[in-house]
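Accompanying notes for the structure given below.
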Amino acid sequence: MIGSIEADITFWDDVGDRESDAVDGAIGEDSAFHATNGYYAQGVSITTAVLPTGWRERVVVWESRSSAPGRAHCLEAHDLAVSKLVAARMKDFEFVTALLDGGFISAETLRERARALPPPGIRTSRIVRWVDGYERRRGLRP
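Put into structure tokens, the structure is as follows:
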């Protein structure tokens, strides 16, 4: 979970993805910021992620004195995990496995959020099967 050097950043009202593109140019992969700090941001469109119904109401606000007056609005961990499982890349499966192994998310809530995805339902059934398989591999389910 802490091995990634990339942070996805999006904006609520980014018409034409101009702000997301600006992130890529200023602090994105292979930028001077990346070379200096060893990590980078990737600007992504708010429409890129496939998220469960109600995700906006579960957004978690993070702020600190060092980042004031800025603050981040972060996806709730289960919503993030479901969106990663929809993307279905190897790094996404590894990330969600780490969240589950670390006790940061629960398998049952993950299944509930998968059931709240917009159609097509094939995504939901694929995610539920993956979670069931995770529990079997960990000996948590017959």
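Anchor point for the sequence shown: position 17 equals 762 in the working numbering, and the numbering is continuous, going up by one each time. Idealized CB from N, CA, C, for every residue including glycine.
By the Cβ test, the region 827-847 is in contact with the region 872-883, since at least three Cβ pairs between them sit closer than 8 Å. An exposed status is given to residue 748, since fewer than 16 other beta-carbon atoms sit within 10 Å of its beta-carbon.
Inter-segment contact for the region 769-777 and the region 796-813 is absent: fewer than three beta-carbon pairs are separated by less than 8 Å. C-alpha of residue 870 to C-alpha of residue 779: approximately 38 Å in a straight line.
For residue 855 and residue 837, the gap between their C-alpha atoms comes out near 14 Å.
For the region 790-853, the continuous beta strand (DSSP E) assignments of 3+ residues that do not extend past its boundaries occur at 805-807 and 817-819, in sequence order.
The beta carbons of residue 803 and residue 775 sit no closer together than 8 Å. A direct Cα-Cα distance of roughly 18 Å separates residue 759 from residue 796.
At least 8 Å separates the beta-carbon of residue 820 from that of residue 872.
Ranking 876, 783 and 850 by CA distance to the CA of residue 833 puts 876 first. When DSSP reads this structure, residue 754 sits in a beta bridge with 788.
Remark: C-beta atoms of residue 788 and residue 764 approach each other more closely than 8 Å. In chain order, 797, 827, 830, 868, 869, 872, 873 and 876 place their CB closer than 8 Å to the CB of residue 859, counting only its own chain and leaving out the 5 sequence neighbours on each side.
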